[in-house]
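Residue 926 in my numbering sits at position 171 of the sequence shown, and the numbers go up by one each step.
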Amino acid sequence: QEAGTVASLMLHFPSAVAEEVGLCVVDRSDVPSAWNVGPLPPMGASPDGMLTLPIGNDAIGNDASGDVPTERLVLEVKNSSPFARHRTRPGKYVVIDREPYDAPPAYHVPQLLLEMLATGATAGLLAMQSATRGVRVFRVERDDEYLAAMLRHVSRFYVEYVSKATPPPPRFFEGTSEHTWLVRRTRAIARNATLWMDVPHHRLPGEAYDEHPFVSVAEGAGG
756 QEAGTVASLM LHFPSAVAEE VGLCVVDRSD VPSAWNVGPL PPMGASPDGM
806 LTLPIGNDAI GNDASGDVPT ERLVLEVKNS SPFARHRTRP GKYVVIDREP
856 YDAPPAYHVP QLLLEMLATG ATAGLLAMQS ATRGVRVFRV ERDDEYLAAM
906 LRHVSRFYVE YVSKATPPPP RFFEGTSEHT WLVRRTRAIA RNATLWMDVP
956 HHRLPGEAYD EHPFVSVAEG AGG
């Protein structure tokens, strides 16, 4: 489904350049000494793509080449399932295609920010797609203070537990001042994300298909 979401965005940004990327490795030289981060394990992130497009909200229809200023953004796609478990019939599912989120869930923030660090991007797009209700795209800005705190947590976990082959205790960082700050900042970044675009549901050019059997129950059907 990620590829379909990327294709939907490209329809609305015909001048944009989409790049398929694999695992992007975090280069230790990209971690400033001022961040006060200790030893780190090998780290990387794998965004669903990179988009290069004109800067500003008028990117649609503009040319992403030549003298037009552009920016290269991380793209992460999160799709929601149109099915949910039946409340009273175990093992059965019902169609309940929810609209995309009004705001990105906070638990996607660490992944998106690490992708920015690994690729050198200054911002990212989080595309939330439902099966029949379109795509909602949020823009999230890079936050180096947040990245520094996150990497310090990774370093501490690596040094105190991983490198010593010692299992960590339950909730090992909970209650520390930096962990509390990190959780609050994670929520704030999600809350302050910009609704960048609503893309309505549509079919891709040249395709003809009947989606009815996949997203609804035929009248009179039993079971």
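By construction, the Cβ of each residue, glycine as well, lies at the ideal position given by its N, Cα and C atoms.
Distance check between E896 and each of A904, T921, M905, L867 places L867 closest, using alpha-carbon atoms only. A Cβ-Cβ distance of about 16 Å is found for the pair V776 and M798, leaving them out of contact under the 8 Å criterion. In the DSSP assignment, V776 forms no beta bridge with any residue. The beta carbon of A948 sits closer than 6 Å to the beta carbons of P859, F893, V895 from its chain, once the five residues preceding and following it are set aside; these are given in chain order.
Counting along the chain, L764 sits inside the alpha helix (DSSP H) bounded by residues 757-767. Around the beta-carbon of E831, 16 or more other beta-carbon atoms lie within 10 Å, marking it buried.
When secondary structure is reduced to three states using DSSP, V786 falls in the coil class, being assigned neither helix nor strand. Boundaries of the alpha helix (DSSP H) harbouring M905: 899-912, taken from the DSSP string.
The beta carbon of R783 sits closer than 8 Å to those of L795, all from its chain and outside the five residues before and after it, given in chain order. For the set L881, H863, A904, A876, the Cα lying nearest the Cα of A789 is the one of A904. Between I944 and D898, the beta carbon gap of about 6 Å places them in contact (Cβ cut-off 8 Å). Shown here, P865 sits in a helix according to DSSP, grouped into three states. From the listed residues R888, L902, L869, the smallest Cα separation to V780 is found for L869. Rounded to whole angstroms, Y856 and M883 show a C-alpha spacing of 7 Å. With 16 or more other CB atoms across the displayed protein chains lying within 10 angstroms of its CB, G879 is buried. Comparing C-alpha distances from K833 to each of T843, E933, M871, R891 shows the shortest one belongs to R891. Under the three-state reduction of DSSP, V823 is assigned to coil, being neither helix nor strand. Beta-bridge analysis with DSSP links M952 to V892.
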